[in-house]
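Report on the structure given below.
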Amino acid sequence: TRSVWMATIAGLLTLLWMRCYHWKSLAVVPLCLVLLLSMAPRVFRERMWSVFDSQNPSNYARLAIWKAGLRMIEAHPWVGVGPQRVSRVFYDYHPNSNDRYRYGFFPVHMHNNLLQFAAERGIPCALAWLWLILKIAMDHWRGFRRDEGGTQTQTIYAVGFISVVVLFLAGLFEFNFGDSEVLMIFLFLVSAPYAMKA
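Residue 1 is where the sequence shown starts when you use our numbering, and the numbers rise one by one after that.
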């Protein structure tokens, strides 16, 4: 959930910047964030600050999973360990088998889109995925800038661009590209601008 909040805030900042066309409009944002955080329920604030707690089960798990993922990539840089095999071979690359019984430790995927693709299918696949995401973002950004004047077309390009920003940032801490519900919405939002051009 923390990565989703981070990505949501980044998406809102991107939207504000695209709407106002300059970064000076974002000067008020830190003040608003501090105000919102101070009014948030205690459990929410604790969850946000837990990002910095290395003993937090979620943080420990992610760091351990990422280290194992890097070992997988080092061992199989070109083709990875194979589709749907990350969780099956995880403990071959993670030295602490006692983590199987640790609370909150679920190594079903890499909790990072790029790391997942590289560990599962190899570095070339991860680079191809990164190229695809950057290409979609650039296409939508160009479409947004080209279609000035706040038209419906410009709005659809903006939504497509912001969708890429949000998915990419949330995907730094989660394999959201592997969740069918997230992927379905994402593909719809980023394909709409291409459909309009056709």
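Ideal Cβ placement from N, Cα and C applies to all residues, glycine included.
- Contact between the segment 90 to 108 and the segment 55 to 68 is present: three or more C-beta pairs spanning the two stretches fall below 8 Å.
- With respect to the 7 Å criterion, Ser3 and Ala170 are classified as neighbours on the basis of their beta carbons.
- For Leu167, the enclosing alpha helix (DSSP H) begins and ends at Gln152 to Ala170.
- Under the DSSP assignment, Asn113 falls in the alpha helix (DSSP H) whose first and last residues are Asn113 to Arg121.
- Gly80 is a Cβ neighbour of Ala119, given a cutoff of 7 Å.
- Here DSSP, grouped into helix, strand and coil, assigns Ser54 to coil.
- Between Leu189 and Val159 a beta carbon distance of about 6 Å is seen, short of the 8 Å cut, so the two are scored as contacting.
- Per DSSP, the unbroken alpha helix (DSSP H) holding Glu181 starts and ends at Ser180 to Lys197.
- In the DSSP assignment, Arg19 falls within the alpha helix (DSSP H) that extends over Arg2 to Cys20.
- Here Thr14 is near Val165, since their CB atoms are less than 7 Å apart.
- Ranked by Cα distance from Met196, the first of Thr153, Asp179 and His76 is Thr153.
- Rounded to the nearest whole angstrom, the CA to CA distance from Leu36 to Thr8 is 14 Å.
- Under the 10 Å beta carbon count, Tyr194 is surrounded by fewer than 16 other beta carbons and is classified as exposed.
- For Asp147, the three-state secondary structure derived from DSSP is coil.
- Counting every other CB atom within 10 Å of its CB across the protein chains shown gives Arg145 a total below 16, marking it as exposed.
- With 16 or more other Cβ atoms inside 10 Å of its own Cβ, Asn113 counts as buried.
- Just measuring C-alpha positions, the residue of Pro124, Trp5, Trp129 and Ala27 sitting nearest Phe44 is Trp5.
- DSSP places Arg88 in the uninterrupted alpha helix (DSSP H) bounded by Val86 to Tyr93.
- Judged by DSSP secondary structure, Met110 falls outside any alpha helix (DSSP H); it is assigned neither H nor E.
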